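**Student:** Residue numbers (my numbering): -10 to 942.
A virtual CB, placed ideally from N, CA and C, is assigned to each residue, including glycine.
All values derive from a computational prediction rather than experimental measurement.
A single structure is presented below for examination.
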RNA sequence: GCCCAGAUGGUGGAAUCGGUAGACACGAGGGACUUAAAAUCCCUUGGCCUAACGGCCGUACGGGUUCGAGUCCCGUUCCGGGCACCA
């Protein structure tokens, strides 16, 4: 009786052994090269893991094990992103305290993860909601509060340095990222009181309190960051979001725009994610030009990327929210402008986004074009955004479609500037062509120091450059780079998040001393959010800071002299996930976020695996956060994640039955067209290969107990469709169920076999038998009919070695490139070949076991042990590939034709002349392209080159 | 509208450098073993023509480069993703 592949016993045994032996425990080891593999840690949601979640974990686990076998010291940690909206929403839905549900969910996740055989070092687990963890989130926030961004050195600097500058020079010569431009002298600074000085510093701090327009979501009772809002509704829940001015904590992410952009060139991420981040950062190089308001001494600045179109300006437009609106509105126009402003205020962000109505009002004033000297009317319109550039534009209707629509609507002039551009129907927006009309024939441009700008005859690009130079030289404006990236709103009016380590002394925020951290989240009875924005932490009684005794005390003791109120807001979900990869390097350190030694050893993440949906959220924030910590010298690399792989989503494959309308009779797929039927979702777990288990169906729900069936060939065939994997579609496939039925090794193999890791694809349990069969076959390589190990010390044959080395080459290359789906067929082919060859040689079967170990660690351990090893297969050396076993040739390309054609062929170094000649002749067909030619002679030249001599037939 | 990535049998997908398209697996059909079932094994399986040998067509569509194109170039269609009154 052959020894059976008993995956249940094998997997249970090795799961226990790994825990007992601490097989996956990793420590800093200077004698080995490090490799840091990381998965995006999960939100422990209530639904548990479905079969799609482990996809990325399996892929990275294989990579981690591969690297370990190559001799690297591999860090592969796991933890839980357990603070934030999803966890809290789940708690609210189930009416339980988030702490309770979060811990329950974490336990469930852990249980599921443990069944799949990952090589995680669980001693390094982090949870963002653990005080020992969020101590460092709070600490990092305080560091940002105490820093500003120097625009000259492009680095974070201590705020003390900025204060010193203000004391010495005021804002003169200050190079700092700021919310708005301030101008005051050193004397003025010194004359300010504490509150005023604090307000000024807020303008520069990297973490600051700002009165800004925020995305307010009444349904969730909180503000949201820009990436958490899509098309006017919240990503989480899909609730409407409105714009509201609120005092909020913000992070000055925008200061790092250029570094965030530049860093993209140094990392191996997919082009599409890099592109998404580039769009999100939105760098745009342009020119700021000053326009005088006619009849006054006032000027205002506009931003344009089309400096070449200065001569085509026919009007100016201000954003309705612009402060200039009041200045330029004349008495006659006041009523019309006021009416327009109130109309705009009545429109929600969503309305403005969905319909692009052409609306606007004339202010009554004119601006003087510094190039033509002509007066252009100043309009006010909602199509100009207050938050971008200067909130004011010069309108060139001939070459901008929005300006064009506005000009047509209000009958304003349109002056084309590019040769051959036809603007009678639409604007010519392309940045191509030869500039003309600049200045127009018969006119002259305004001269500065005797020099006037002439752009005629230049290309658009040349004209932009020429204008920039002119503008700079004559102080009409300046070259300016704008970014679309906004500062991140960092507070939430929610309960389940990190409290701010901040208290308010007479309204001025103060940092709680770092040695008193963490400030733990207080227990409250009622943690529900409110639609008015009252934070739930307002319900906490013990929530005041005693400055003298340095501890948290009862609110009743607040006296504003020694006891002060603590911040009621909490931090957003991305706070805890922004630097967790650093904490894994040294997770139990209570004195620092991480030690110097750990930081220097592990550096940064070599391979990061996770979904692409975090492109504009987590992946921007943590890059920002890391750059800040890099400036402080804590993180040792400018970029946190060197290589990023985005695993695709696993969709569900739903099954349907067709019920004849008004009956309890169900028709099989092939017969449904003959009846009037309604499709009904059926649980995929009672369907196999689209064949319904009729009895299970009857038992599924009481209303189907007496269902009748119209069968085809005695079977009921179900319909199917690809949909999102969700409970309501009855298409959720649970990994535990697969592990129970086929084993973790089969699950791991099949998840990888399903298709490229990066690609989204539906889960279809149907194909899993193939992978399971393969593992049985692989098992049979090692055991004879009597269940005895049949591995011996015989010398492998050439065929054995060829099969093995083909596989080594393929699998080694595949793992490096993350294309596991093509390695698995290679395993199948090699296994079949070795079975046919009746190969029992240890010299082949040991490397085979080492090769499969990253994919299927349980079976590999079992076989490794059976072959007499008492060390783990995780440390089995990755087999070296040797080309000499692959005697193959292939014609590369004919390089010459003079009656003689020279082919380059590849041969192993020790191939005989005979072999090469034979191979070359076998490739004779390749020469057949020469119609009417005949191969006459093949000359083999040592050094891998052969000459094939041909002649006309 | 702009940017990015795609399109290969009934299905998932191979073809990694421009060199035999469809590896491997699923599904389907046929067969062996079996009282039967399960399990296992073997054969067939892109389309069309042919009794067969064999031939022709075929990688979304239309062109091009090349001795040779799924692969490179130009254009078109369709699907997915990102950005979007960003001046």
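What do you get for residue 331, buried or exposed, if any count of 16 or more other CB atoms within 10 angstroms of its CB means buried?
**Tutor:** By the 10 Å Cβ count, residue 331 comes out exposed.
**Student:** Looking at C-alpha atoms only, which residue of 99, 447 and 439 is the closest neighbour of residue 948?
**Tutor:** This structure cannot settle anything about residue 948, because the visible part of the chain is limited to -10 through 942.
**Student:** Select from 204, 477 and 709 the residue whose C-alpha is nearest the C-alpha of residue 680.
**Tutor:** Nearest option by C-alpha distance: 709.
**Student:** Enumerate, from N- to C-terminal direction, the unbroken beta strand (DSSP E) stretches of 3 or more residues contained entirely within the stretch 403 to 480.
**Tutor:** The qualifying runs are 466 to 471.
**Student:** DSSP three-state label for residue 868, please.
**Tutor:** In this structure, residue 868 counts as coil in the three-state DSSP scheme.
**Student:** How many Å lie between residue 795 and residue 762 at the Cα?
**Tutor:** C-alpha separation (whole angstroms): 22 Å.
**Student:** Quick one: Cα of residue 519 to Cα of residue 207, how far?
**Tutor:** Answer to the nearest angstrom: the Cα atoms are 8 Å apart.
**Student:** Is it the case that the stretch 22 to 30 contacts the stretch 564 to 577, given that we only count it when at least three CB pairs across the two stretches are under 8 Å?
**Tutor:** The stretch 564 to 577, when compared against the stretch 22 to 30, does touch it at the 8 Å Cβ threshold.
**Student:** With a cut-off of 8 Å on the beta carbons, I'd call residue 559 and residue 484 a contact; round off their distance for me.
**Tutor:** Going by Cβ atoms, the distance from residue 559 to residue 484 rounds to 7 Å, so yes, they are a contact pair.
**Student:** Just to confirm, are residue 417 and residue 387 a CB contact at a threshold of 8 Å?
**Tutor:** Yes.
**Student:** Determine the closest residue to residue 666 out of 675, 673 and 650, with distance taken between C-alpha atoms.
**Tutor:** Residue 650 is the option with its Cα nearest to residue 666.
**Student:** On the DSSP bridge list, what partners appear for residue 535?
**Tutor:** BP columns for residue 535 point to 540 and 552.
**Student:** Going by CA-CA distance only, name the one from 841, 787, 740 and 819 that's closest to residue 48.
**Tutor:** Residue 740 is the option with its Cα nearest to residue 48.
**Student:** Using the beta-carbon count (16 or more within 10 Å), is residue 164 buried or exposed?
**Tutor:** Counting Cβ neighbours within 10 Å, residue 164 comes out exposed, since fewer than 16 surround it.
**Student:** What separation, rounded to the nearest whole angstrom, lies between the Cα atoms of residue 312 and residue 194?
**Tutor:** Spanning the two alpha carbons is a distance of roughly 24 Å.
**Student:** Taking the beta strand (DSSP E) that residue 498 belongs to, which residues open and close that run?
**Tutor:** 497 to 500 is the span of the beta strand (DSSP E), which, as asked, contains residue 498.
**Student:** Can you tell me whether residue 124 is buried or exposed? The criterion is at least 16 other CB atoms within 10 Å of its CB, across all chains shown.
**Tutor:** Residue 124 comes out buried.
**Student:** How many Å lie between residue 499 and residue 453 at the Cα?
**Tutor:** About 48 Å.
**Student:** Taking residue 110 and residue 15 to be in contact with their CB atoms under 8 Å, please state how far apart those CB atoms are, rounded to whole angstroms.
**Tutor:** Contact flag correct, Cβ pair sits at about 5 Å.
**Student:** If I measure Cβ to Cβ from residue 203 and keep anything under 7 Å in the same chain, skipping five residues before and after, which residues do I get?
**Tutor:** Cβ within range, chain order: 212, 233, 235, 237 and 478.
**Student:** Counting Cβ pairs, one atom from each stretch, are 3 or more of them under 8 Å apart for the stretch 729 to 749 and the stretch 842 to 849?
**Tutor:** Contact holds: three or more Cβ-Cβ distances are below 8 Å.
**Student:** So, with DSSP's three-state summary, where would you put residue 781?
**Tutor:** Correct three-state label for residue 781: strand.
**Student:** Would you mind working out which of 317, 372 and 314 sits nearest residue 340, comparing C-alpha positions?
**Tutor:** Residue 340 has its Cα closest to that of 372, out of 317, 372 and 314.
**Student:** By the three-class DSSP mapping on this structure, what secondary structure does residue 7 have?
**Tutor:** Looking at residue 7 - three-state DSSP - the assignment turns out to be helix.
**Student:** Span of the alpha helix (DSSP H) holding residue 504?
**Tutor:** Careful: residue 504 lies outside any alpha helix (DSSP H) and carries neither H nor E.
**Student:** With a threshold of 16 other CB atoms inside 10 Å of the CB of residue 787, please say whether the residue is buried or exposed.
**Tutor:** The residue in question, residue 787, is exposed, as its Cβ has fewer than 16 Cβ neighbours within 10 Å.
**Student:** Whole angstroms are fine: how far does the CA of residue 746 sit from the CA of residue 641?
**Tutor:** Their Cα atoms are separated by approximately 16 Å.
**Student:** Helix or strand or just coil, what does DSSP make of residue 760?
**Tutor:** Looking at residue 760 - three-state DSSP - the assignment turns out to be helix.
**Student:** Which residues bound the alpha helix (DSSP H) around residue 728?
**Tutor:** Element bounds for residue 728: 724 to 731.
**Student:** Are residue 578 and residue 584 closer than 8 Å when you measure CB to CB?
**Tutor:** Yes, the Cβ-Cβ distance between residue 578 and residue 584 is below 8 Å.
**Student:** First and last residue of the beta strand (DSSP E) that includes residue 947?
**Tutor:** The chain is shown from -10 up to 942; residue 947 falls before or after that span and cannot be answered.
**Student:** To the nearest angstrom, how far is it from the Cα of residue 424 to the Cα of residue 489?
**Tutor:** Each residue's alpha carbon lies about 56 Å from the other.
**Student:** Determine the closest residue to residue 699 out of 690, 228 and 654, with distance taken between C-alpha atoms.
**Tutor:** Residue 654 is the option with its Cα nearest to residue 699.
**Student:** Quick check: residue 474 and residue 456, are their CB atoms within less than 8 Å of each other?
**Tutor:** Cβ distance not < 8 Å, so residue 474 and residue 456 don't count as in contact.
**Student:** Could you pull the DSSP bridge partners for residue 512 from this structure?
**Tutor:** According to DSSP, which records beta bridges pairwise, residue 512 is partnered with nothing at all.
**Student:** Counting C-beta neighbours from all protein chains within 10 Å, is the total for residue 707 16 or more, i.e. buried, or is it exposed?
**Tutor:** That one is buried.
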